[in-house]
Ligand SMILES: [Zn+2]
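Numbering (my numbering), first residue to last: -16 to 405.
Encoded structure:
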């Protein structure tokens, strides 16, 4: 079989991996990398494909899917929550492009067409893509609806992780690693260089920082990813008795969708109750009201590249009592990364130095190093292809796994192809 890297070789940010086996060609994810300017798209590949697997509803895995439908058509396989959430993200991609006055990669016709071709598949339902390849989803533990994909080919089995989290979090069970054995493992390596801190200790520190800021009369801005992180952070805050939480941006629609798929999270009833305790922002007037009294502002976008977080940050930029707290991964070349590293925020063509404090807590939805090794042990592959990480991480992970397990490993670059004979 041949594994071609059209995005997310040694980088985080735009997954697109072409698996070719026999006469079948299946695309694993089709994402975009969101930056301050125009998004970065995957490399072009020649010819048609027999189907597309979408591992989960983050833009770097699903954001480019409708583009394929501007020229062609194919079946797209994903879980029901991933479908509903992807639709929301696709619509938003068009909206953001219009706001930034850049050419969108596709229009609503393509979004609707792509959606018609979606084959909604739950976990553990083996489904054919062609006469030669079928697949089965397992819970990846990353965000609601995220899937590990096991592909059955005539040559052998392949496990594609997409993004994976092995240990459980506030709203997600960890990845399901029973039955994931495969000959070839295509795995993410975002956090291949370190294990995450103990989550309980981290939560405690995070909540203390939030409470302290409120007690001092400041505001806490929490830029969050709409899908998964937003809900988890609110759950953590409410569980620790934090009050006066405002909830804004695309996270609102994402939450409604997630609650429509209760089987894909640990405790939907609890999340529903938690979400009732926060103030849902609906209008610009609500936003202005939210910044009158010390409050927690949970809002998109997670890397500050758009959404109401721009309004809140601009309004509070000169307030040294207030804080911005990041809880997720910040890709290079995003406004959030610059805020964290330099304390400078740029949006809509202007930039300013922030007087607010900036902190980051590592609430990752990605597997840390120890979890990645556990995953490999369970999958027990003959070959590992490390993808979706910063360059150093991916190369080092491939080297370390080779040493630890005595297996063949690869860390292909963008545009490279790996031939594997089983
Ligand atoms: Zn993800």
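From the three backbone atoms N, C-alpha and C, an ideal C-beta is built for every residue, glycine too.
Just so it is clear, the structure is predicted and the values come from calculations on it, not from any experiment.
- Between residue 234 and residue 242, the C-beta gap is not smaller than 8 Å, which leaves the two residues out of contact.
- Going by beta carbons, residue 169 and residue 141 fall inside the 8 Å limit.
- Taken from the Cβ of residue 44, at least one heavy atom of ligand 1 lies inside 7 Å.
- Looking at the DSSP output, residue -1 shares a beta bridge with -10.
- The C-alpha of residue 8 is placed about 45 Å away from the C-alpha of residue 334.
- Bridge partners of residue 133 according to DSSP: 119 and 142.
- Sequence-distant Cβ neighbours of residue 340 in its own chain, meaning closer than 7 Å and more than five residues away, are 306.
- Taking all protein chains in view, the Cβ of residue 263 is surrounded by fewer than 16 other Cβ atoms within 10 Å, so the residue is classified as exposed.
- Secondary structure of residue 381 (DSSP, three-state): helix.
- Around the beta carbon of residue 312, a 10 Å sphere encloses 16 or more other beta carbons of the protein chains shown; the residue is thus reported as buried.
- Residue 146 has its CB nearer than 7 Å to a heavy atom of ligand 1.
- A contact between stretches requires three or more CB pairs, one per stretch, nearer than 8 Å, and the region 225 to 240 meets this requirement with the region 268 to 285.
- In this structure, the CA atom of residue 275 is about 34 Å from the CA atom of residue 155.
- Minimum Cα-Cα distance from residue 61 among the listed residues 84, 97, 78 and 102 corresponds to 102.
- It is roughly 22 Å from the alpha-carbon of residue 4 to the alpha-carbon of residue 162.
- Here the alpha carbons of residue 384 and residue 356 stand approximately 8 Å from one another.
- Rounded to the nearest whole angstrom, the C-alpha separation of residue 257 and residue 218 is 6 Å.
- In this structure, residue 126 has its CB closer than 7 Å to one or more heavy atoms of ligand 1.
- Ligand 1 has no heavy atom closer than 7 Å to the beta-carbon of residue 371.
- Remark: C-beta atoms of residue 145 and residue 44 approach each other more closely than 8 Å.
- Residue 28 sits in coil when the DSSP states are folded into three classes, being neither helix nor strand.
- When the five nearest sequence neighbours on each side are left out, the beta carbons in the same chain lying within less than 7 Å of the beta carbon of residue 399 are those of -12 and -8, in order along the chain.
- A Cβ-Cβ distance of about 16 Å is found for the pair residue 37 and residue 24, leaving them out of contact under the 8 Å criterion.
- Here residue 85 is exposed: its Cβ has fewer than 16 other Cβ atoms, across all protein chains shown, within 10 Å.
- For residue 206, the enclosing beta strand (DSSP E) begins and ends at 203 to 206.
- Relative to the non-hydrogen atoms of ligand 1, the Cβ of residue 41 comes within a distance shorter than 7 Å of at least one.
- Residue 363 and residue 139 have their C-alpha atoms spaced approximately 13 Å apart.
- Counting along the chain, the unbroken alpha helix (DSSP H) around residue 268 starts and ends at 267 to 273.
- Counting only residues of its own chain and dropping the five nearest sequence neighbours on each side, residue 295 has a CB closer than 6 Å to the CB of 204 and 280.
- In its chain, beyond the 5 residues on either side, 174, 179 and 312 have a beta carbon closer than 7 Å to the beta carbon of residue 347.
- Counting along the chain, the unbroken beta strand (DSSP E) around residue 391 starts and ends at 391 to 393.
- For residue 227, same chain residues with a beta-carbon under 6 Å away, outside a window of 5 residues either side, are 278 in chain order.
- Secondary structure note for residue 297: its alpha helix (DSSP H) is the uninterrupted segment 292 to 299.
- Nearest neighbour of residue 120 by Cα position, chosen from 126, 127 and 104, turns out to be 104.
- Here the C-alpha atom of residue 308 lies approximately 15 Å from the C-alpha atom of residue 291.
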